[in-house]
Amino acid sequence: MTKSFRRRAVASINDFHWPGLLVIALIAGAVPAYIYVNQSARTVAVPDGVAERPNISSPAKD
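Residue numbers are given in this note's numbering: position 1 of the sequence shown equals residue 65, and the series is strictly consecutive.
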């Protein structure tokens, strides 16, 4: 019974699987950044010659 209550040793730095930990960290950082970039509003400079509401009732090809 005393064996089940024994504390586990703290993992040393060599016990980690570093490539896997790096992949998990990249995913954990990339997912919120991807969501933030796609959900943030962007402003686009529209030239003065571009109509806000183009007239497409008679689409004639030139």
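Virtual Cβ for every residue (Gly too), placed ideally from N, Cα, C.
Limits of the alpha helix (DSSP H) - the one that residue i falls within
i: R113; result: Looking at the sequence provided, one finds Gly at residue 113 rather than Arg. Careful: G113 lies outside any alpha helix (DSSP H) and carries neither H nor E.
i: A73; result: From DSSP, A73 is part of no alpha helix (DSSP H); its letter is neither H nor E.
i: V108; result: Per DSSP, V108 belongs to no alpha helix (DSSP H) and is neither H nor E.
Same chain only: Cβ atoms within 6 Å of residue i, ignoring 5 sequence neighbours per side
i: P96; result: none
Distance cut-off 6 Å: residue i Cβ against heavy atoms of the ligand PLP
i: E116; result: Ligands are entirely absent from the displayed structure, and the ligand PLP is therefore not among its contents.
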